[in-house]
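Each remark here refers to the structure printed beneath this line.
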Amino acid sequence: MKTSAPRAAMADEATLWISGHLAEKIRAHGAETYPHECCGALLGRDAGSGSEGAAREVLGLFPLINRRDDSPRNRFSVTAQDVLQADKAAQEQGLEVIGWYHSHPDHPARPSQYDREHAWPWYSYVIVSVHNGAPQEMTSWRLDDDREAFSPEGIEIRHRAAV
Ligand SMILES: [Zn+2]
277 MKTSAPRAAM
287 ADEATLWISG
297 HLAEKIRAHG
307 AETYPHECCG
317 ALLGRDAGSG
327 SEGAAREVLG
337 LFPLINRRDD
347 SPRNRFSVTA
357 QDVLQADKAA
367 QEQGLEVIGW
377 YHSHPDHPAR
387 PSQYDREHAW
397 PWYSYVIVSV
407 HNGAPQEMTS
417 WRLDDDREAF
427 SPEGIEIRHR
437 AAV
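According to the working numbering, the stretch in the sequence shown is residues 277 to 439, in order.
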């Protein structure tokens with residue numbers, strides 16, 4: 277139920293926490309598969325909305341194979357089998373699948389229409405832009421509940437030893 281209590285500025289903006297180590301692994305995966313897209317699952321914990329601080333944090337990655345052979349440069353798709361395998365990997369680590377990452381070779385780190393049409397609400401979608409093989413900007417997005425648009429999600433790098 278909606279509350280009418282006043283909220284601090286930016287309170288609506290979701291935040292995704294990730295260690296510098298894992299952020300670097302996503303970037304490296306994007307460089308490795310260039311000029312094709314990389315993709316994978318984000319494993320972690322989500323404490324739910326309404327709690328203060330790090331509600332959602334990436335604690336592991338599950339790299340996937342980009343199965344699109346018709347257009348691997350600009351379209352990634354997550355299959356039902358991928359979801360099952362990622363869920364299994366997460367459960368084995370006591371985590372859950374909290375989102376998905378992929379790269380945009382030679383394109384900005386903004387979701388495409390294709391991305392929106394193939395995304396699900398709730399999950400975090402991390403996109404890393406890779407230009408000429410070098411990883412650039414990394415962004416994160418959440419699909420609005422009506423699936424009409426993505427909203428940006430802040431990425432906070434947690435500086436501590438990797439879990
Ligand atoms: Zn994309």
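Each residue gets a CB set at the ideal place from its N, CA and C atoms; glycine is no exception.
Computed from a predicted structure; not experimentally measured.
Which residues share a DSSP beta bridge with residue i?
| i | result |
| --- | --- |
| E432 | W293 |
| E300 | Paired residues: none, contrary to the question. |
| L419 | F426 |
| H407 | A410 |
| V402 | Y377 and S416 |
My assumption, with CB atoms under 8 Å, is that residue i sits in contact with residue j. Please give the rounded CB distance.
| i | j | result |
| --- | --- | --- |
| G336 | L319 | 4 Å |
| P381 | E313 | 6 Å |
| V252 | L360 | Because the chain spans 277 through 439 in this model, residue 252 falls outside it and cannot be assessed. |
| S427 | V406 | No, S427 and V406 are not in contact; Cβ-Cβ is about 23 Å, not under 8 Å. |
| D391 | Y377 | That pair is no contact at about 12 Å. |
| L340 | D363 | With 8 Å as the limit, L340 and D363 do not qualify as a contact, their Cβ atoms being about 12 Å apart. |
| D420 | I374 | The pair is not a contact, with the Cβ atoms about 17 Å apart (cut-off 8 Å). |
| F338 | A365 | 5 Å |
| A317 | R418 | Rounded, the Cβ-Cβ distance is 15 Å, inconsistent with contact. |
Within the present structure, is the beta-carbon of residue i separated from the nearest heavy atom of ligand 3 by less than 7 Å?
| i | result |
| --- | --- |
| I403 | Here the bound small molecules are ligand 1; ligand 3 is not part of this structure. |
At which residues does the beta strand (DSSP E) containing residue i begin and terminate?
| i | result |
| --- | --- |
| C440 | Outside the shown range of the chain, which is 277 to 439, sits residue 440, and nothing can be said about it. |
| V334 | R332 to L340 |
Quiz prompt | Touching by the beta-carbon criterion (3+ pairs, under 8 Å), the segment 414-432 and the segment 293-303 | solution = Contact check between the segment 414-432 and the segment 293-303: three or more CB pairs, one atom from each, fall below 8 Å, which counts as touching.
Quiz item: What residue ranges within the segment 362-400 form continuous alpha helix (DSSP H) runs of no fewer than 4 residues, ordered along the chain?
Solution: Runs of the alpha helix (DSSP H) inside the segment 362-400: 389-393.
Self-check item: Meets three-Cβ-pair contact criterion under 8 Å: the segment 405-415 and the segment 385-392
Solution: Three or more Cβ pairs drawn from the segment 405-415 and the segment 385-392 lie within less than 8 Å of each other, which places the two stretches in contact.
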